[in-house]
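Using this note's numbering, you'd call the opening residue of the sequence shown number 3 and step up by one each time.
Glycine included, each C-beta is placed from N, C-alpha and C at the ideal position.
Everything on this sheet refers to the single structure shown next.
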Amino acid sequence: MTRRLVVAAAIVDATERPRRLLAARRSQPAELAGRWEFPGGKAEPGEHPVDALHRELHEELGVGVDLGDEVVGPDDGGWFITDRHVLRLWFARVVSGAPEPLVEHDELRWLDAGSLWDVHWLDGDVRIVEELAQTLRPR
Ligand SMILES: Nc1nc2c([nH]c(=O)n2[C@H]2C[C@H](O)[C@@H](COP(=O)(O)OP(=O)(O)OP(=O)(O)O)O2)c(=O)[nH]1
Numbered sequence: 003m004t005r006r007l008v009v010a011a012a013i014v015d016a017t018e019r020p021r022r023l024l025a026a027r028r029s030q031p032a033e034l035a036g037r038w039e040f041p042g043g044k045a046e047p048g049e050h051p052v053d054a055l056h057r058e059l060h061e062e063l064g065v066g067v068d069l070g071d072e073v074v075g076p077d078d079g080g081w082f083i084t085d086r087h088v089l090r091l092w093f094a095r096v097v098s099g100a101p102e103p104l105v106e107h108d109e110l111r112w113l114d115a116g117s118l119w120d121v122h123w124l125d126g127d128v129r130i131v132e133e134l135a136q137t138l139r140p141r
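Have a look at this one:
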């Protein structure tokens with residue numbers, strides 16, 4: 003079975019030595035509402051993943067970003083987040099707009115090394131957050 007590609011961003015406050023990561027709380031669908039994730043969404047068929055990510059971040063948060071390195075995962079370079087989806091994730095920094103939960107989310111939160119686990123991440127994201135925890139600078 004081919005997994006559907008989901009693209010998402012680890013939005014951080016600085017590309018070099020970041021301290022904070024932006025998490026988004028889903029408001030839909032009902033079974034995922036209240037769980038936290040990396041903002042992003044499904045790439046359309048034929049759409050370049052990077053283009054899809056810029057589109058999703060603009061739609062969902064109202065921001066423009068500069069993308070940094072991809073956070074390469076262990077599953078063919080991506081992250082199998084569900085049995086039907088593979089996630090590709092890039093570091094990103096906001097360069098225009100201020101992030102707001104416009105659609106699909108009802109809250110955003112900047113997390114630092116000490117608060118990274120204060121939110122209930124989607125199951126598939128937990129091992130990604132564990133990896134990112136190594137990157138965030140302690141206070
Ligand atoms: N965006 C996002 N989706 C994730 C993450 N972790 C995770 O398991 N998922 C799952 C939830 C969904 O089943 C799927 C992504 O679907 P989505 O609802 O965000 O996609 P979309 O914005 O394009 O929305 P739609 O076309 O389904 O309406 O991947 C994550 O960190 N970010």
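With a cut-off of 8 Å, does the C-beta of R28 fall near any C-beta of chain B?
Any reference to chain B falls outside this structure, which holds one protein chain only.
**Q.** Length of the line joining the Cα atoms of L7 and W92
**A.** Taking the CA atoms as reference points, L7 sits about 14 Å from W92.
### Query
How far does the alpha helix (DSSP H) with I130 in it reach, from first residue to last?
From DSSP, the alpha helix (DSSP H) with I130 extends over 128 to 135.
So is the beta-carbon of T84 under 7 Å away from any non-hydrogen atom of ligand 1?
At least one heavy atom of ligand 1 lies less than 7 Å from the C-beta of T84.
query = By Cβ distance below 6 Å, which residues in the same chain neighbour A35 in space, the five residues on each side in sequence not counted?
reply = Apart from the 5 residues on each side of it in sequence, A35 sits with its Cβ closer than 6 Å to the Cβ of R28, S29 in its chain, given in chain order.
Residue span of the alpha helix (DSSP H) that contains E109, given as start and end = Careful: E109 lies outside any alpha helix (DSSP H), inside the beta strand (DSSP E) at 107 to 114.
Check: D15 C-beta below 7 Å from any heavy atom of ligand 1
Incorrect: D15 has no Cβ contact closer than 7 Å to ligand 1.
Got a sec: does ligand 1 put a non-hydrogen atom nearer than 7 Å to the Cβ of A135? Checking every heavy atom of ligand 1 against the Cβ of A135, none is found closer than 7 Å.
Beta strand (DSSP E) containing E58: first to last residue?
Run containing E58: none in the beta strand (DSSP E); it sits in the alpha helix (DSSP H), 51 to 63.
query = Closer than 7 Å: is that where the CB of E132 sits relative to any heavy atom of ligand 1?
reply = No, ligand 1 has no heavy atom inside 7 Å of this Cβ.
| said: Between the alpha carbons of V65 and M3, how many angstroms are there, rounded? | reply: Each residue's Cα considered, the two are about 34 Å apart.
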